[in-house]
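Participant: First, the structure itself, so that you have it in front of you.
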Amino acid sequence: MTKKSILKLLPVWAAVVAVFLIAGIVLMSILGFNEGAERPESTTVDVDYNIAVKNDENKVARVEEICEEVFDKAGLTVLDSIEGKGVNTSQDRTVRRYTFSSSVTSEKLAEVTAEIGAKFDAEFTDELIDIRVDYHRVSNLGYSDFIWRGSVGLAVGIVVALIYVGIRFGVGCAVTGLTVTACGGALPVCLVAITRIPVYASAPLFYAALGAVTALLLWLVFCMKLRDVSKNSARPAEAEEVVHVAWKGALLPVAVVTCVLAVIIAIPGAVATAGVRALLLPALLSVVSGAYPALLLGPSLHVYVRAHFDKLAAKRKPRYLGSKKQDKATKKEENA
Amino acid sequence: MSKVKSAICLTLMTILIAALVIVCFIPIQYGRDAMHRFDPIVVWADRDPDLGTSYGAARDEDSLRTNYIGGGYSAVYYPEGVISAKEYNDNLNGISDPDKRAEYADKYVPYGDGALYLEEEVAYENGALSEDFVASFESAKELLRTRFERLHEETRVDVVDGLTARVTVPRDLTSAFTLFGYTGDFTVRFGSDQDSAETVLPRRPSESIQDYVKGARARTVGGNHTVIIDFTDAGRDVLAAKTATVAEGTSASYLYFMVGDNLALSLQVTTQIDDTRLPITSTSFASSDAQMAAILIDTAVGTVQTDLRMVVGDMTSYPAFYGENAMLYLYIAFGVLFLAMMVFFLIRYKLLAFVNLYTYLLFVCVNLLCIWAIPFLTLSVETVTAFLIASVLLCASNAFAFEEARKEFEHGKTMTSSVKAGYKKCFWHLFDLHIVIALLGFITYFIAFVPLSGFAFTLGLATVFSGVFTLAINRFNWCIMMAYCKNKGAFCNFKRKEVDDD
Chain L
221 MTKKSILKLL PVWAAVVAVF LIAGIVLMSI LGFNEGAERP ESTTVDVDYN IAVKNDENKV
281 ARVEEICEEV FDKAGLTVLD SIEGKGVNTS QDRTVRRYTF SSSVTSEKLA EVTAEIGAKF
341 DAEFTDELID IRVDYHRVSN LGYSDFIWRG SVGLAVGIVV ALIYVGIRFG VGCAVTGLTV
401 TACGGALPVC LVAITRIPVY ASAPLFYAAL GAVTALLLWL VFCMKLRDVS KNSARPAEAE
461 EVVHVAWKGA LLPVAVVTCV LAVIIAIPGA VATAGVRALL LPALLSVVSG AYPALLLGPS
521 LHVYVRAHFD KLAAKRKPRY LGSKKQDKAT KKEENA
Chain Y
0 MSKVKSAICL TLMTILIAAL VIVCFIPIQY GRDAMHRFDP IVVWADRDPD LGTSYGAARD
60 EDSLRTNYIG GGYSAVYYPE GVISAKEYND NLNGISDPDK RAEYADKYVP YGDGALYLEE
120 EVAYENGALS EDFVASFESA KELLRTRFER LHEETRVDVV DGLTARVTVP RDLTSAFTLF
180 GYTGDFTVRF GSDQDSAETV LPRRPSESIQ DYVKGARART VGGNHTVIID FTDAGRDVLA
240 AKTATVAEGT SASYLYFMVG DNLALSLQVT TQIDDTRLPI TSTSFASSDA QMAAILIDTA
300 VGTVQTDLRM VVGDMTSYPA FYGENAMLYL YIAFGVLFLA MMVFFLIRYK LLAFVNLYTY
360 LLFVCVNLLC IWAIPFLTLS VETVTAFLIA SVLLCASNAF AFEEARKEFE HGKTMTSSVK
420 AGYKKCFWHL FDLHIVIALL GFITYFIAFV PLSGFAFTLG LATVFSGVFT LAINRFNWCI
480 MMAYCKNKGA FCNFKRKEVD DD
C-alpha cells in the first residue's frame, strides 16, 4: 500500500472513529464510566479505637492483624484501607476504614464484624482500651455540573482556537481541524468507557482535554507543512497532491511530538504512587487518540475539504491584486 | 554584539538564573533551628491536597502533627431523629434504670443493616418509614451537595447506610461542616439582640423570601473579603423603612441573617440601608469565611429547601489521596525528563545545549513563581502535566529554530545570518503554534471549574512563556554565548554541506 493510498482510505479511518465513538457513547449512556478508582458503591468495616491503642504501636499492629486474619478467613478482599484521625473530639480516636466491594452481603459483614469484635474482647482486656467495629454500606452521589461546564469550556476553547487557525491557515484547515480536535477530545473518553479502565470521576474530562490539545498541536504541525507546500509549489496543484506532500513532510515531526508527549506522560505515570499512576497511565490513550485523527483521519478528510474550497475559490471572481503583486504572480508563473 | 557586551550579558544572565534557581528550589540552613532556614518557593507553593506532604508553615517537624499537611476531612451528617448504632448503644448502656432503659429502647427502631437507629416518632408513620422523612432527607442531601460543591468542586458526598450523608472535603474547611448543616427558611431579623429581634424579611410568614432577597455572593476587594447580599426593590424598601430609625439615632441595632434558627451572619447597622446591594465585611473574615457565608445564604434563598435538621457527627481527617510521597515521585519523574532533554540536546547540538538549558531553567523558574504567586494555582498532577506539555513545546520550538539555522548554515551562510534567517523562517510557525494552544488553555480556564481550570490556565500561561522564551530569550542566549567561539559551527555542531565542484 503506498502512502498516497493511505489518504484515500477516508471511509476506513472514519469508520474506525465511528465504531469507537458509537460504542463509547452507548456504553457511557448505559453503564457510565468505571469509576472504580472513585468507588461509587462500596461497603466498609470501620475499626474505631482510642488513644490507649493508638499510643502503642504493637497494639495497633495487632488490631490490623486480627482484622486482616478475619477478612482472609471470610474470603473478603480489601480494596482499600485508610487511617483517619478524629478532629475536634474530646477523645483522641482513630478510625481504620477497610473498603470492600458493594457485592459483599450484609450478613457476611455482620459475621466478620462480630468475629472481629469477639477477638478484640478476648485479646484486649485492659479497661482503658476501647475498640469498636461496625460496618456501613456507602453510595456516592457523584458530581453534578462541573463535568458539563468543563466540557463546554473545552468546546468553546477549541472553537476559538480554530477561528484563529481559520484566519491564519484558511477556513478549510479550521473545518478539518474542528473534526480532528473533536475526535481527539471524544476518543479518549470513549476508549475509557469501552475498556472499563478504573478512573476517577473527574478524569475523563482531563483525558478529553489532553486528547484535544494533542490533536490540535499535531494538526497545527500538519497545517504549517501544508502552508509551506502550497507556498512553494510553483503551479496550482491538485488538493490530493498538496495534502500528500504535506502529510509526508509532517509525518516525522508528528511522530516525534507524539512519542515525546507519550514519554512525558508515561514517565511520571511509571515513577509515581498508585493513585497518580491510575490518573496518568490511562492518559496515554489521550495521546494516541490525539495522534490518530491528526495523522490519518484529518489529512484524508482534508483532501476533500481542500478540493471543495479550491472549487469555491475558482468560482469566485478574481480580486484586484495591485500592480506589484500582479507582476510577482506573473513572474512566478513564467518561472514555472 | 561585541565580546565585552556578551560577557557582561552572559554574566548577568548566569547570576539571574543562579539566583532564581536558588530562590525556587534550594533550601538553605543558616542556623541550627527551623527559624534559621531559607525555604525555596517550591516548598511554599500551594499543593493539591491529594498530593499531601507538608508545605508552608506546616513544614516543620514539630508542627506536622497539628498543622494541615494535605488530605481530606470528612464528617457524617445525621438527620434529626437518626443516630448511629454506636450512639444508641452508648446511650442505652448509660441508663441504669431498667424502666427508662426499656423506654429508650422502645423509642428507637433499628434501620437497614442495624448501623442506624431511627426515632420512631420522627421517622415512622403507621409502622413504615415516613415518605415525608425520606423526601426531606433527599432534599437535605442535595442541599449539602450544592453547598459543598460550590465551596470546593472536588467535594465528595456519600450516602452511608441509606439515611446519613458523609461529606469529604479535600482541604481544611472543617468550619464549613457546622455552617452548611444549617437548614430551614432564610429570614432577616432586625433588633438590638438576636433573641428579641423582629423578623423583617419576609414581612409575613406566608410570603416567600425570594420576593425580597435575590441571593448572596462573596467578593474580595483590596484585600477585604466581603459578603454581598442582593435585595429586590421590595426588600430594599422594607430595610430602608426599618433602618430609618437608626439614622435618626434612636437606637443601635443589628441585622441578623438567619437560616432556620441559626445565625449565618450579623451586621451592626449605623446608617440607614437604602440600597439593593448590601456589602458586609469584617477584618476577621478570611476568604473562605466570606465564601461560606455567601454560599449558605444564597442556597438558603434558593429553591431546594428543607426543614430537616442535619446534625454533624465526629469529624475525621484522612491522609492525602495519592499517598504521602506522590510529590517526591513527581520531582523524580521531572528529573528524569530533564536529564533526557539535556542528553538529546548535547548529542544533537553539543554546546548549543547550554543555550537551551539557560532558556529552560528560566522557563521553569518563571512558571514556578507564577504557580506560587497566583492564588488559585496549586502544584497538582494536572498542573504538572500542563507544564510538561508546555516544556515539550518549548524544547521542540528551540530544536526547530536550531534546525532551521542548521539548514541555512549548511548552505554556506555565516552563523549570524544563519541564526537570523532561521528565526525569520520559523517565527510565524512558532507564533501560531503558541498562540493557538494558549487560546485553547485560557478560554477553557474561563469557563471550566477545578480541576480542569487549573490544567487549562497552567497550559495557557506556560505556553505564553514558552513562546516568549523560544522567540526572544533563546535567541538572545544563543547570541551572547556564541560570541566567544572561534569555530561557531563546532559550538553548535553545525556542518557545511560538502559541494561537489564539478
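Here the protein sequences come in this chain order: L and Y.
Sequential numbering from 221 applies to the first sequence in the numbering used here.
Sequential numbering from 0 applies to the second sequence in the numbering used here.
Glycine included, C-beta positions come from ideal geometry on N, C-alpha and C.
With a cut-off of 9 angstroms, does the C-beta of Y:E86 fall near any C-beta of chain L?
Facilitator: Y:E86 does not count as touching chain L.
Participant: Using a Cβ-Cβ cutoff of 8 angstroms, what residues of the region 293-323 of chain Y are near chain L? List them in chain order.
Facilitator: Going along the region 293-323 of chain Y in chain order, one finds D313, M314, T315, S316, Y317, P318, F320, Y321, G322 with a Cβ nearer than 8 angstroms to chain L.
Participant: With 7 angstroms as the C-beta to C-beta threshold (strictly closer), list the residues of the region 370-386 of chain L near chain Y in chain order.
Facilitator: Cβ contacts with chain Y: G370, V372, G373, L374, V376, G377, I378, V380, A381, Y384, V385.
Participant: So which residues of chain L does Y:I442 contact, with C-beta pairs closer than 8 angstroms?
Facilitator: Chain L residues near Y:I442: G373, V376, G377, V380, A381.
Participant: Nearest to L:R317 by CA position, among L:F291, L:V441, L:G244, L:D268, is which residue?
Facilitator: Ranking the options by Cα distance to L:R317, first place goes to L:D268.
Participant: Please report the residue range of the beta strand (DSSP E) in which Y:H410 lies.
Facilitator: No beta strand (DSSP E) holds Y:H410; DSSP gives it neither H nor E.
Participant: Within its chain, find whatever has a CB closer than 7 angstroms to the CB of Y:R144; leave out the 5 residues flanking it on each side and keep chain order.
Facilitator: Answer for Y:R144: V156, listed in chain order.
Participant: Looking at the strands, I want to know which residues DSSP matches up with Y:P109.
Facilitator: Note: Y:P109 sits in a beta bridge opposite Y:Y116.
Participant: May I have the straight-line CA-CA distance separating L:A482 from Y:F386, to the nearest angstrom?
Facilitator: Going from the Cα of L:A482 to the Cα of Y:F386 covers about 14 angstroms.
Participant: Any heavy atom of the ligand NAD inside 8 angstroms of the beta-carbon of Y:L458?
Facilitator: Of ligands this structure carries none, so the ligand NAD is not represented either.
Participant: Judging by CA-CA distance, which residue of Y:F493, Y:Y321, Y:A292 is the nearest neighbour of Y:R46?
Facilitator: For Y:R46, the nearest C-alpha among the options comes from Y:Y321.
Participant: Is DSSP giving L:R416 helix, strand or coil here?
Facilitator: In this structure, L:R416 counts as coil in the three-state DSSP scheme.
Participant: Taking 6 angstroms as the limit between beta carbons, can you name the residues of its chain near Y:E60, skipping five residues before and five after?
Facilitator: Only weak support exists for where Y:E60 lies, its pLDDT of 42 falling under 50; the value from the coordinates is given anyway. Cβ neighbours of Y:E60 beyond the five flanking positions: none.
Participant: May I ask which residues mark the beginning and end of the alpha helix (DSSP H) holding Y:N92?
Facilitator: 84-93 is the span of the alpha helix (DSSP H), which, as asked, contains Y:N92.
Participant: Looking at the secondary structure, which residues open and close the beta strand (DSSP E) in which Y:Y211 lies?
Facilitator: That residue, Y:Y211, is in no beta strand (DSSP E); it is neither H nor E in DSSP.
Participant: Assuming L:G244 contacts L:L411 under a Cβ cut-off of 8 angstroms, what Cβ separation, rounded to an integer in Å, is found between them?
Facilitator: Confirmed, about 7 angstroms.
Participant: How about Y:F256 and Y:F185: are their beta carbons less than 9 angstroms apart?
Facilitator: The answer is yes: Cβ separation under 9 angstroms.
Participant: Is there a Cβ from chain Y that is less than 9 angstroms from the Cβ of L:D354?
Facilitator: It does; some Cβ of chain Y falls within 9 angstroms.
Participant: Sort out for me which residues DSSP pairs L:E303 with in a bridge.
Facilitator: In the DSSP output, where bridge partners are listed per residue, L:E303 has L:R316.
Participant: Name, please, each residue of chain L whose Cβ falls closer than 9 angstroms to the Cβ of Y:Y502.
Facilitator: As displayed, chain Y neither begins before 0 nor continues past 501, which places residue 502 of chain Y out of reach and without an answer.
Participant: In chain L, what lies closer than 8 angstroms to Y:K140 by C-beta?
Facilitator: Residues of chain L passing the Cβ test: L361.
Participant: Helix or strand or just coil, what does DSSP make of Y:S316?
Facilitator: Strand, per DSSP.
Participant: Is the beta carbon of Y:V258 less than 9 angstroms from the beta carbon of Y:I296?
Facilitator: It is a contact, given that the beta carbons lie within the stated cut-off.
Participant: Taking 6 angstroms as the limit between beta carbons, can you name the residues of its chain near L:H356, skipping five residues before and five after?
Facilitator: Answer for L:H356: T264, listed in chain order.
Participant: Quick one: Cα of Y:A515 to Cα of L:T415, how far?
Facilitator: Residue 515 of chain Y cannot be examined here, being either before or after the span of chain Y that is shown, 0 to 501.
Participant: Identify the residues that DSSP records as bridge partners of L:L446: which are they?
Facilitator: Paired residues: none, contrary to the question.
Participant: Could you have a look at Y:F441 and say whether DSSP puts it in helix, strand or coil?
Facilitator: Y:F441: helix per DSSP, three-state reduction.
Participant: Thinking C-beta only, is Y:D273 closer than 9 angstroms to Y:L238?
Facilitator: Cβ atoms of Y:L238 and Y:D273: closer than 9 angstroms.
Participant: With a cut-off of 9 angstroms, does the C-beta of Y:R31 fall near any C-beta of chain L?
Facilitator: So, not an interface residue.
Participant: Assign Y:F333 to one of two classes, buried (16 or more other C-beta atoms within 10 Å of its C-beta) or exposed (fewer than that).
Facilitator: Burial call: buried.
Participant: Nearest to Y:V380 by CA position, among Y:A319, Y:D288, Y:L50, Y:F430, is which residue?
Facilitator: Of the listed residues, the one whose Cα sits closest to Y:V380 is Y:L50.
Participant: Give me the chain Y residues within the contact set of L:A429, using Cβ-Cβ distance strictly less than 8 angstroms, ordered along the chain.
Facilitator: Near L:A429 (Cβ distances below 8 angstroms), the residues of chain Y are T443, L451, F454, A455.
Participant: Does DSSP put Y:D61 in a helix, a strand or coil?
Facilitator: The predicted position of Y:D61 is uncertain, since its pLDDT is 41 and thus under 50; a value taken from the coordinates is nonetheless stated next. In this structure, Y:D61 counts as helix in the three-state DSSP scheme.
Participant: Specify, as a first and last residue, the run of the alpha helix (DSSP H) that Y:D192 falls within.
Facilitator: Counting along the chain, Y:D192 falls outside any alpha helix (DSSP H), and DSSP gives it neither H nor E.
Participant: Just to confirm my understanding: we take Y:A437, look at its own chain, exclude 5 residues before and 5 after, and list those with CB closer than 6 angstroms. What are they?
Facilitator: For Y:A437, where only same-chain residues beyond five positions count, the Cβ hits under 6 angstroms are G459, T462, V463.
Participant: Spatial neighbours of L:S371 within its chain, please: C-beta separation below 8 angstroms, excluding the five flanking residues on both sides.
Facilitator: Excluding sequence neighbours, L:S371 sits near L425, A428.
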